[in-house]
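So the sequences go chain by chain: S and W. Going by my numbering, 222 is the number at position 225 of the first sequence; the sequence numbering is gapless. Just so we're on the same page, my numbering is the position in the second sequence counted from 1, plus 33. Ideal placement from N, C-alpha and C gives every residue a C-beta, glycine not left out. Here the structure comes first, spelled out in C-alpha cells, and everything after it is commentary.
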Amino acid sequence: MNVITSFQRQLNVLDYALASLYRRRMKNLGIFTVFSTVIFLFSSFQLMTRGLTETAAEILQDAPDITVQQMSAGRQTSLDLSVISGLQDLFGVTSIMPRIWGYYFDESNGANYTVIGLNLQEPQHDLLPPLASGRFPTGGNTGDVVLSESVRTSLNLGGRQSFSLFRPDLTLMSFVTSGIFDSATALVTADMMLISLADARSLFALAESQVTDLMVSVANPREIDTIAAKISEQIPGSRVITRNQIMKTYSVVFSWRSGFGGICLLSSLVAFVILAYDKASGLSKEDLKEVGILKILGWQTSDVMAIRFWESGVVSIFALIFGYSLAWLHIVWWHGVLFQPLLLGWSVLRPQIDVVPSFAVQDLLLIFSVSVLPYLCATVVPAWHSAMVRPDTVV
Amino acid sequence: MLIELTAVDKIYNQGEPNEVHALRDINLTISKGSMVCLRGPSGSGKTTILSIIGCVFPPTSGRTAIDGRKISRLPDHFLCLYRRQMIGFIFQNFNVLPELTVLENITLPLYPTGISPRERKRMAEPFLKKLGIAHRSQFPAGKISGGELQRVAICRALIQNPPIILADEPTAHLDSVLASQFMETMTDLKEQGKTIVFTSHDPRVYSHPAIDRIVDVADGKILTGTAGYALT
C-alpha cells in the first residue's frame, strides 16, 4: 500500500469517525462539555498564575534593589536613621531612602490600608509605581496623599479630595489627594496610601529619628547580593531583602495557591477520566453490531481501533482548544473572576487587575499532558475491546 | 474446485458447559461459477458452513481451501483481507447500518482500501442504477423498504467485485415477487461467472433452474449423496 493510499485510508477512517461522532452526538456532546469544563478550570489556574507572576515581575522591576529592616525578638521593629551613615560608605551603594511602612485599619469598612511614607525627591520617582494623574507628595507635613482608585472607593470619597485618619492618640490627621496610581499597578497599589515621611511619622507617632525600613539602590545589579550581605553584617539583627527575593516570594505565593487549586482540579480530572473509561467501555448492542458488520465487510481490528482513536482524538483536541480559549477569555476579558479570590486573597481591597498572560508552549503542553493524554489512554483499552468484537456477532 | 471443505468440524464454546458441536466431518466441494443452495432446518449448521467458507471464523478441525489456498489456519489479519477481496456477504436481516445513507452502506467495504469518496461514489453508481435504488442513494438506510434494503445489501456485496457471493437465508423476509427478483439477480451474477452459495429453508427457491446443486444439511452433517452431485 503506497503512501497516498495509506493517507487516503486514514482520511476515510477519519471521515467515518466524524460521522460516527455525529450519530452519537448527544453522548459525545456531554463528554465534550465536561471535558472542556475541566480543561477550562485547569487552564484558568495556569494562565492566571503566569499572568500574575509576570505582572508582579513587571511592577517589581522598579522596586528598590535592597530593603533593610530591623528585627527584635523575631519581629520587625523600627530602625534608627543613624545607621544610614555607615551604609553610605559601602562601595556600590548609590542612594538610601528611609521609609515608613505601616498598616492602618479602618473599622468603619473593615479595610486594612498599607500606608507608605517616603521623603520624595524628583529623581527617585522612578522607584515608585507610576501615576495615572496628579503628583507625588512633596516633603514635609503637607498632608498630600497618593491613592489607588480602589482606596478612594473604599473610603467613599466620591468627588471629595480630602479625608482624615486617626493617630494612635485618636486625634485626627487630614489628607488631600494629590495623585492616583495607574490601575495597571493594582497588584501592589490596590490598598496603598503614599504620603510624605514626615506625615507618616506623625500618623504612626514614630520618634523623629525612627523609620521602619531603608530602600537601598545599588549601581551594579550583579553586586546586589554582595552588598546585601555586607549590610546584614553591618547592622546586627537586621533583615535584608533583595528585589529578587520579593519577586520569588510573589512567584512562590501564586504558584503555591495555583498548585493547591490545581491539585483540587486534578481530582475532578481523574473523575472525568474514570467517567470517560466507563462511557467508552459500555458498548451497546448497536455498537457491537456495527463493529461486527464492519469486520465482516473486511475492516481490520486496527481500522476499528483507528475509528475509536480518531473519535477520542477529535473530542479531546476540540475540548482542549475550546477549554483553553475559554480560559484565556476568562482571564483577559473577565479578569479571572472565578479564581481571583483564591489567587489574590479575600482582602476587602482585593486588586482589580488586568492580567494578560503571555502565550507559553510549556503551559499548553502541560495542560495537554494532564488532560488529553489521560483521556486517550482511558479510551484506548475500551477501544481495543470494541475492536476485538468477532465478525460472527452479526451472523 | 473453488471452494473445498475437508473433514471440517466446528465446536462452539469448546470445553465449556455450553459447548455445541455445530458441524461434524463436513466434506464439500463447490466449483467455480456454480450456484449452490444449502438446505436444512434451523440449527442444522447451514450458516456455520457459510461462515467458515466466508472466513468469518476458522473450523475447529479440518481443512478449508479457497481457490487452492488453505485458509483454515490463517491469522485474523489475513482472513480479513481475504474476506474483503474474495467474499461478498448478503445477510438474512441485511445488516445495514440504519443511520448511514444507502450510498455509505454500499461503499463501507471500500473505506479501508484507501479509495477516495469520489471514487467510491463512482464505483457504486452502476450497482445503484442496475438494482433500481439510485434515487435512494442519499436516504438513511433505516428509512427505506425491506426490498430496497436487500438491494442495498446486494450492492454492498458486489461493490468489490468478489468472485464468491454468500447469502444467508436471503429470501426469508421477502414476498414471492421480491424473492423471485432476488433469484433473477443471482442468476445474472452466476452468468457473470460468480460463485454463489446460499442457505435457505424456503421451498420457493429450490426449483429455480439456476441452482446447480442443493446440499442437505441436518444436525451438523451433510446428508449422504448431496455433497458432490449436481441437481440437474
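Span separating the alpha-carbon of R237 (chain W) from that of P50 (chain W)
Within the second sequence, residue 237 (chain W) is the residue found at index 204, counting from 1. Within the second sequence, residue 50 (chain W) is the residue found at index 17, counting from 1. Between R237 (chain W) and P50 (chain W), the C-alpha separation is close to 39 Å.
Bridge partners of E37 (chain W), per DSSP?
For this step, residue 37 (chain W) is matched to residue 4 along the second sequence. E37 (chain W) is bridged to W:T62, W:A98.
Could you please give the first and the last residue of the uninterrupted alpha helix (DSSP H) stretch that includes A174 (chain W)?
Translated into positions along the second sequence, residue 174 (chain W) becomes position 141. Segment: none, A174 (chain W) is in no alpha helix (DSSP H) and carries neither H nor E.
Three-state secondary structure (DSSP) of S41 (chain S)
For the purposes of this step, residue 41 (chain S) is taken as residue 44 along the first sequence, with counting starting at 1. If DSSP states are grouped into helix, strand and coil, S41 (chain S) belongs with the helices.
Of the choices S:K282, S:R254, S:T139, S:S193, whose alpha-carbon is the least far from that of Q43 (chain S)?
Taking the first sequence and counting its residues from 1, one reaches residue 43 (chain S) at position 46. Nearest C-alpha to Q43 (chain S): S:R254.
Between the alpha carbons of N106 (chain S) and A204 (chain S), how many angstroms are there, rounded?
The residue given as residue 106 (chain S) occupies position 109 in the first sequence. The residue given as residue 204 (chain S) occupies position 207 in the first sequence. Near 29 Å, if we compare the C-alpha coordinates of A204 (chain S) and N106 (chain S).
What span of residues does the alpha helix (DSSP H) with C441 (chain S) cover, start to end?
Within the shown structure, residues of chain S are numbered from -2 to 392, placing residue 441 (chain S) beyond reach of any answer.
Identify whether I318 (chain S) lies in helix, strand or coil by the three-state DSSP scheme.
The sequence position of residue 318 (chain S) within the first sequence is 321, counting from 1. In the structure shown, I318 (chain S) sits in a helix (DSSP, three-state: H, G or I).
Assigned secondary structure, P127 (chain S) (DSSP; H/G/I helix, E/B strand, else coil)
Position 130 of the first sequence, counted from the first residue, corresponds to residue 127 (chain S). Three-state DSSP puts P127 (chain S) in coil, outside helix and strand.
Quick one: Cα of N153 (chain S) to Cα of E146 (chain S), how far?
Sequence index remark: in the first sequence, residue 153 (chain S) carries index 156 (1-based). Sequence index remark: in the first sequence, residue 146 (chain S) carries index 149 (1-based). Rounded to whole angstroms, N153 (chain S) to E146 (chain S) spans 11 Å at the Cα level.
Among W:S84, W:L61, W:T39, W:S77, whose alpha-carbon lies nearest the alpha-carbon of R387 (chain S)?
Counting from 1 along the first sequence, the entry for residue 387 (chain S) is found at position 390. Closest by alpha carbon: W:S84.
Counting contacts by CB-CB distance shorter than 7 Å, is N128 (chain W) in contact with chain S?
Residue 128 (chain W) sits at position 95 when you count from the first residue of the second sequence. By this cut-off, N128 (chain W) is an interface position.
Going along chain W in order, which residues have a C-beta closer than 8 Å to the C-beta of K292 (chain S)?
Translated into positions along the first sequence, residue 292 (chain S) becomes position 295. Those within 8 Å of K292 (chain S) in chain W are C113.
Which word fits H382 (chain S), buried or exposed, when buried means at least 16 other C-beta atoms lie within 10 angstroms of its C-beta?
Reading the first sequence from its first residue, position 385 is the one you call residue 382 (chain S). Flag for H382 (chain S) reads exposed.
Under 7 Å, do I187 (chain W) and M68 (chain W) count as touching if we go by C-beta distance?
Taking the second sequence and counting its residues from 1, the one referred to as residue 187 (chain W) is at position 154. Taking the second sequence and counting its residues from 1, the one referred to as residue 68 (chain W) is at position 35. Contact flag unset, no.
Might you give, ordered along the chain, the residues of its own chain that have their beta carbon closer than 8 Å to the beta carbon of T74 (chain S), omitting 5 neighbours on each side?
One-based indexing of the first sequence puts residue 74 (chain S) at position 77. These residues qualify, in order along the chain: Q67, M68.
Using a Cβ cut-off of 9 Å, pull out every chain S residue sitting near G147 (chain W), in sequence order please.
Residue 147 (chain W) sits at position 114 when you count from the first residue of the second sequence. Under the 9 Å cutoff, chain S gives M(-2), N(-1), I1, T2, S3, F4, Q5, R6, Q7, L8, N9.
Throw me the rounded Cβ distance for the V250 (chain S) and D62 (chain S) pair, which I believe falls under 8 Å.
The residue given as residue 250 (chain S) occupies position 253 in the first sequence. The residue given as residue 62 (chain S) occupies position 65 in the first sequence. Not quite, the Cβ-Cβ distance comes to about 21 Å (not below 8 Å), so this is no contact.
Of the residues that make up the region 58 to 73 of chain W, which ones have a beta carbon closer than 9 Å to any beta carbon in chain S?
none
Could you tell me the alpha carbon to alpha carbon distance between K163 (chain W) and M219 (chain W), rounded to whole angstroms?
Translated into the one-based positions of the second sequence, residue 163 (chain W) becomes position 130. Translated into the one-based positions of the second sequence, residue 219 (chain W) becomes position 186. Roughly 13 Å separates the two Cα atoms.
Can you pull the DSSP bridge partners for K103 (chain W)?
By 1-based counting over the second sequence, the position of residue 103 (chain W) is 70. Answer by DSSP bridge pairing, in chain order: W:A98.
Do S41 (chain S) and F356 (chain S) have their CB atoms nearer than 7 Å?
Stepping through the first sequence from its first residue, residue 41 (chain S) is reached at position 44. Stepping through the first sequence from its first residue, residue 356 (chain S) is reached at position 359. No, these two residues do not count as a Cβ contact at 7 Å.
What residue does the beta strand (DSSP E) around I120 (chain W) start on, and which one ends it?
Translated into the one-based positions of the second sequence, residue 120 (chain W) becomes position 87. From DSSP, the beta strand (DSSP E) with I120 (chain W) extends over 120 to 123.
For the alpha helix (DSSP H) holding Y247 (chain S), just list the boundary residues, first then last.
Indexing the first sequence from 1 puts residue 247 (chain S) at position 250. Element bounds for Y247 (chain S): 240 to 278.
Only counting the same chain, and skipping five residues up and downstream in sequence, which positions put a Cβ closer than 7 Å to that of A324 (chain S)?
Position 327 of the first sequence, counting from 1, holds the residue named residue 324 (chain S). Taken in chain order, the residues that qualify are F37, S40, S41, L44.
Examine chain S for any beta-carbon lying closer than 7 Å to the beta-carbon of R106 (chain W), and answer yes or no.
Here residue 106 (chain W) is taken as the residue at index 73 of the second sequence, counted from 1. Cβ-Cβ to chain S under 7 Å: no for R106 (chain W).
Against chain S, which members of the region 71 to 96 of chain W pass a CB distance test of less than 7 Å?
T80, S84, V89, F90
In terms of alpha-carbon separation, which member of W:L256, W:S240, W:T232 lies closest to C70 (chain W)?
For the purposes of this step, residue 70 (chain W) is identified with residue 37 of the second sequence, where counting begins at 1. The option with the nearest alpha carbon to C70 (chain W) is W:T232.
By how many angstroms is the C-alpha of L326 (chain S) removed from the C-alpha of V334 (chain S)?
The sequence position of residue 334 (chain S) within the first sequence is 337, counting from 1. The sequence position of residue 326 (chain S) within the first sequence is 329, counting from 1. If you take the alpha carbons of V334 (chain S) and L326 (chain S), they lie about 11 Å apart.
C70 (chain W) - DSSP class collapsed to helix/strand/coil
Translated into positions along the second sequence, residue 70 (chain W) becomes position 37. Here C70 (chain W) sits in strand by DSSP.
Could you work out which residues of chain S lie near D245 (chain W), taking near to mean beta carbons separated by less than 8 Å?
As a first step, residue 245 (chain W) must be located in the second sequence, where it is residue number 212. Here the premise fails: no neighbours, minimum Cβ distance about 24 Å.
Straight-line CA distance for S313 (chain S) to A55 (chain W)?
Against the first sequence, residue 313 (chain S) aligns to sequence position 316. Against the second sequence, residue 55 (chain W) aligns to sequence position 22. Rounded to whole angstroms, S313 (chain S) to A55 (chain W) spans 46 Å at the Cα level.
Can you give me the C-alpha to C-alpha distance between L211 (chain S) and L262 (chain S), rounded to a whole angstrom?
Along the first sequence, one-based indexing puts residue 211 (chain S) at 214. Along the first sequence, one-based indexing puts residue 262 (chain S) at 265. So the alpha carbons of these two residues sit roughly 42 Å apart.
At the level of alpha carbons, what is the spacing between G73 (chain W) and P142 (chain W)?
Looking up residue 73 (chain W) in the second sequence gives position 40. Looking up residue 142 (chain W) in the second sequence gives position 109. Distance between the alpha carbons of G73 (chain W) and P142 (chain W) is about 30 Å.
Figure out for me which residue from W:C113, W:G78, W:L35 has the closest Cα to the Cα of Q297 (chain S).
As a working mapping, residue 297 (chain S) is identified with position 300 in the first sequence. Comparing Cα positions, the closest option is W:C113.
Contact defined as beta carbons within less than 8 Å: I believe L184 (chain S) pairs with V142 (chain S). What is the distance between those atoms, to the nearest angstrom?
As a working note, residue 184 (chain S) is residue 187 in the first sequence. As a working note, residue 142 (chain S) is residue 145 in the first sequence. Between V142 (chain S) and L184 (chain S) the Cβ distance is about 20 Å, and since that is not below 8 Å, they are no contact.
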